[in-house]
Structure formats: structure tokens, C-alpha cells
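Residue numbers (the UniProt record's numbering): 1 to 711.
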């Protein structure tokens, strides 16, 4: 059990008497507040804050952080007011404790919403002072170390939360030691049987590996010494979760994963990293494509190392990480290295700048995000550890998460550039906006001041910053349109359960209070962009009127009997015509409400719509075409033609004669080169216009078959 005397010994190694005195005062106050409180294990509760403070002391955090670690639960558990903490210990300590305290006194609609809001509070506090997250990670680490006494369901919830949020944050801040320990602890509680089997297998395999490890170590040390390089060389074991993850993702057996040996070489200077690399390559043959230079292009979290895989003795793959002592400190301690090693060099400063830039992006996302669950969703996306490194035309390196697209790249440079992006070139060639970026790509973005974000971008952007900026734009720029659509959808939903759309003022006030919307227009806008479901709001209103909202019968088949939403096809981003089936006037149509993307209109026989309708029937509503449609609509047609001279020109001319406008042409050859398939996207007025055009094209010499292409 952690004790104050042991903590004091640790602190005395780097803290002066005045600071130690303040820490002891904080301990006495915390001990007094938690008096009589015990943990699930039966230990006095104060043992937990002391243990958290000890972990922080290992990073040599300052007195304010250690005091906050000792006091981190007094506001939450003992109802101590922030003002009292300011008076006793000063504002900085009180701010840290406040950032670590959950929002227990606020009522939330769900556990998920409460959890999300607590995370948002913590992450925003961390954006102004990174010590908040360091203390929180220490708190989580000690809780995970002592999780065995909890009920199974609570273990699963806490372990899942740790793996989903705290493990990626530790990785993002470069805290590799904590990252690995939290990962293994969470794994042991999420999959206890798998963990036990793997742990037993690793212990059994250790003895068999000793001879190979010893042989490699001796060879490497001797070779480096002969080259005049001072280096520490030691084997590094994979974590149990690392082994499990590799087995799962690469479909490998346990022995295949264990057959790869890992070593770390820590040298005395930056140039010697590359000298050591060359020396190792002369000792064992390198595997092609298995070299990575994270020194020249460091990882997002500041990590630097050379990685190479060689073919060792007995033909076994051997992985080496080569780095300097400073790089090793940053690799193990990340952002905490700022406190651990006061003689901070340029490497540490760069690490702090990268961390600051990421924390700043949290604030940007917060400003553009509607609610806490959405904010947490964006942050989780940004915590995804794998990265690709791409270049601007001026050779500046931008690190992006794996799977990122040019739109993510544009928003990473500046929100204004992302909002006005119209096209992109990758390595000098035009490319679609949804192209996945790869390491080394040179990306150039073309903008237009009149261009605006498209809702379709949300289906392929990868970063939280891009997603939140697009959603923010769709909410604000198209607000009147979303309000109109939302009002119509709610009226329809109320009519479905025989309620009047004219709501009395007291009812509106209660509805707004309980839905956390500031006005009725905001509620309508949320419905219009698909953030809230009109049917659920209607059921909630039914409940407020004295009914039992959960028991309201909802007949999805009766939707067509209600007044459908009228579609004109030119509404903008709140109403979109689905790209899978491209509906045109005259088609039977249905509407799908997509979260934060408004209403998407499909043809009634669209196979994509049928599949999605089975999964989420609540999100489908009745829609109809308006009577005055003063625009043209895209439609796809496919032709089977003879491979003969002039056929394409004759078909294109006939489409033009039939008052159709061609926007795309594609061609598929068959193997014998006798018949071709031509694919056109054309613009027509309606279904009647399209039918006449198809009749005329069918008469063209050389056309064997023509039909509208459907999803």
C-alpha cells in the first residue's frame, strides 16, 4: 500500500523544502476529507490519492501537480467547493482539481451523454494545462492496477473505456510506458481467458528463446564495438496485447509472432544512429521494404528512431530500433520528459510544440461541435495512432491519420482552405477528393471562394477537425433550409400519432428544457439535419402531454398515408438526391434522414435503400415530387454497341438532339473487342423526357441495347 513517507522520499529527490511543506498540507487536508472512506479492497481511501501522486512523482511533476493528485477526488467525493481549494492551495491547484472532477451534479439523459460530457470537460481542461491529463492517466493507471475487486460488469466497462480513450491519449502524448501497461491491464480484464493463455505461452517460450537472443546480443555488441560505436543493446519483449493484436490483424499463429526477435540499440550521438544502422546491415542482411526512418520524419507524438528488420541467425527475422539517449527518453516519457529532464533540448521543445498544436485542435473542434458525444467522437478519430506523412507543394511535412483524404489535408492546413476546396492534385496528377493519401504523396489543393463543403464529404473524411468543420458549416450556412425541413418532419411525425402540430407555449418551454435546445428553431434545425429523430421528439411530446411515450404505436407502413415531404431537387444540402440510384421526377421516391447530412432521396426500388431500410426503419419518411421543377436531373444510362467507327459520335449527337446534356462518358471493352459497353451520365427533365431520349438512342445504327442504369 502506498504511504506518505514513501511519497515524501521520492519528492525529496527533486523538490525543495518549501514545496514539500505545501504537498504535506495538501495530504493532511485530503486525509481529513477522506477519513472513514474505504476502497472496495478495504484499504483506507487515502491510499489511492497517494499512489496517484507517486506515479506523478516518477515523472518529477511539480508541487502543484502533486498537490492536485492528492486532492483530485475531494470535490467529487466530499463536496469540497472550488472556492475553498483556491483559498487554501491557490488557483492553479484548484483549476487542476476542477479539471479532474466529474460533473456529478448535472442530470443527463443517458450514461453515454454523462460520460461524453465528463471527457469533454477533462480534455478541454487538458488543452489549457497538460498536467490535467498526466494526473488523470496516473489516476486511471492505479485504478486499473486495483480493478480486480470490482464487479465483472464494471470491470468490463472501465477496461473498455481505458482501451478506447485513455490508451490512445497516452500514445498520442508519447507516454509509452503507461500506454503499454494500460493496454495490457485493459486486455486482461476485457479478455481474461485469452490473456491467461497467452501469458502462460509466453512464459513457456522464454526459455527456448534464450539461446537465440544471447547469440544475437553478443554478435551485435561485438560488431558495434569493433566499429567504435558506444551503445547499449538489449532485447525488448512484445506486450501480451501487442502479440494478441498482431495475431488477430495478420492472422498469425503464436509461434509466428514469437519468431520475430526485437532489440533496441541506444547510441551516444545522432550521427551514430546511421553509422550503427550501416554496421548492423553489414552483420545481417536487411529485409526489403522493412526500413523506416522516424528520425528524419518523426511520428505525431514526437517519437524518433530508426527501424529496420534483418535476417538473423537460423533465418529468423530480427527487428532493431536505433536511437540516441535523448530520443529514448522522449520515446518512453513523451510529453512528461519536459518535467523529467529540465535541460530540455530542441527535441523536447519540438515535442511540446506538437502537443500544443494537438491540444489547440481540441479547442477548435470544441468551438464547432454541437454536443459532447459528437466532440468525443471527433477526438477518438484523431487519437487513431497510425499515421501517413504527406507533403505540401513547398515540401512542408503534414502528418495525417491512416485513411485520410485530400479534404482532411486541406482542413489540416486551414479551415478556410478546407471549406473552399474544389479539386486536388496528388503527385502532379488530378485525383478524386476521396482518394486515400499514402506516405510521401505531394498534395496540392485548388480552392474557389464560392465553393462550399458538401455533405457527401462526411462519408469519407477521416480527421475530427475536418468532420467537425464540415458539420459546423452545414449547420450554420443552411440553417433556414434545415429549420423548414425539420418543421415539416415534426408535423408529419405528430400527425402519425394523432397530435396537433400547434403546441401550447408551456409545452414548448418544457420540451426545450428537456432537449437542451435553446429555441424551437434550433430543435427544428437538429431534426432537419438528422441529428434528432422527428418520431422520437413526437413521442417525447406525447409523454409530456401525459401519455406513455414508450408505448406510442409506430406504424412504419402508414407513413405514406401522411402528408409527404415535397422535393423540388434544388433545395441544396439539406435535401440530396442519392448517388446510388439518381432519382428523377416521375420516379417513386422515399426519404432517408441521415445523421448531420439531412434528407437523402432514393428511388422506391433502390437496392441500397432497401438494405438500409431494414437496419433503420425509423429514419425513413414519405416524400413526393413538387409540381414546379425548374431544373434538370442527372441519370445514368448504359448502352451495348458494336465496335465500329463513329458510333460514339452518332450516339452523342442523338442525345443532344433529344435535348439531353452529357456530363460523363465511360467505356468498357469485352475480351473479343466485338461489343463495347458505353456508360453515360446525362441531365434530363423527368422520367418522360428520359424515356423519349432512350427510344431515340435505340434507333441509332450500331446500338444493340440501351437501358437506364439502376442501383
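All C-beta atoms, glycine included, are put in the ideal place defined by N, C-alpha and C. Remember, predicted model here, so these are calculated numbers, not experimental data.
Spatial neighbours of residue i in its chain, beta-carbon cut-off 6 Å, leaving aside the 5 residues before and after
i: residue 681; result: 634, 636, 663 and 664
i: residue 194; result: none
i: residue 185; result: 144
i: residue 668; result: 677
i: residue 6; result: none
i: residue 16; result: none
Rounded separation between residue i and residue j - CA only
i: residue 653; j: residue 686; result: 20 Å
i: residue 243; j: residue 471; result: 38 Å
i: residue 713; j: residue 617; result: Any question about residue 713 goes unanswered here, given that the chain covers just 1 to 711.
i: residue 684; j: residue 649; result: 19 Å
i: residue 546; j: residue 493; result: 18 Å
i: residue 420; j: residue 487; result: 30 Å
i: residue 300; j: residue 172; result: 7 Å
i: residue 422; j: residue 496; result: 42 Å
i: residue 501; j: residue 408; result: 42 Å
i: residue 506; j: residue 189; result: 49 Å
i: residue 298; j: residue 396; result: 13 Å
i: residue 133; j: residue 666; result: 54 Å
i: residue 413; j: residue 82; result: 39 Å
i: residue 704; j: residue 647; result: 12 Å
i: residue 655; j: residue 590; result: 29 Å
i: residue 535; j: residue 490; result: 7 Å
i: residue 68; j: residue 95; result: 9 Å
i: residue 544; j: residue 518; result: 18 Å
i: residue 220; j: residue 229; result: 11 Å
i: residue 74; j: residue 130; result: 21 Å
i: residue 36; j: residue 78; result: 12 Å
i: residue 611; j: residue 604; result: 12 Å
Cβ pair residue i, residue j closer than 8 Å
i: residue 33; j: residue 93; result: no
i: residue 447; j: residue 404; result: no
i: residue 445; j: residue 461; result: no
i: residue 592; j: residue 625; result: no
i: residue 65; j: residue 56; result: yes
i: residue 314; j: residue 303; result: no
i: residue 690; j: residue 706; result: no
i: residue 388; j: residue 452; result: no
i: residue 567; j: residue 608; result: no
i: residue 61; j: residue 30; result: no
i: residue 320; j: residue 265; result: yes
i: residue 485; j: residue 575; result: yes
i: residue 205; j: residue 252; result: no
i: residue 393; j: residue 431; result: no
i: residue 174; j: residue 324; result: no
Sheet register partners of residue i (DSSP bridge)
i: residue 635; result: 682
i: residue 140; result: Beta-bridge pairing links residue 140 to no other residue.
i: residue 404; result: According to DSSP, residue 404 bridges with nothing at all.
i: residue 266; result: 232 and 323
i: residue 166; result: None; residue 166 has no bridge partner.
i: residue 389; result: 399
i: residue 457; result: Residue 457 is not bridged to any residue.
i: residue 261; result: 318
i: residue 307; result: 292 and 321
i: residue 134; result: Answer is none; residue 134 lacks a bridge partner.
i: residue 624; result: 566
i: residue 575; result: 599
heavy atom of the ligand SAH below 7 Å from residue i C-beta
i: residue 172; result: Annotation note on the ligand SAH: not contained in the displayed structure, which lists no ligands.
Close Cβ partners of residue i (< 8 Å) along its chain, the five nearest in sequence each way excluded
i: residue 198; result: 240, 243, 244 and 254
i: residue 417; result: 410, 411, 445 and 447
i: residue 58; result: 10
i: residue 234; result: 217, 263 and 264
i: residue 508; result: 520
i: residue 162; result: 140, 144, 182, 185 and 186
Sequence-distant residues of its chain with Cβ nearer than 7 Å to residue i (five each side left out)
i: residue 72; result: 49, 52, 97, 100, 135 and 139
i: residue 311; result: 284, 285, 287 and 317
i: residue 483; result: 521, 524, 525 and 528
i: residue 277; result: 306, 308 and 322
i: residue 246; result: 252 and 257
Three CB pairs or more closer than 8 Å across the segment 639 to 655 and the segment 690 to 703 = yes
request  = Count the CB pairs spanning the segment 42 to 50 and the segment 85 to 92 that are closer than 8 Å, and state whether there are at least three.
outcome  = no
key: Stretch pair the segment 201 to 212 + the segment 270 to 284: three plus CB contacts closer than 8 Å   = no
query = Is there contact between the segment 180 to 196 and the segment 142 to 159, where contact requires at least three CB pairs shorter than 8 Å?
reply = yes
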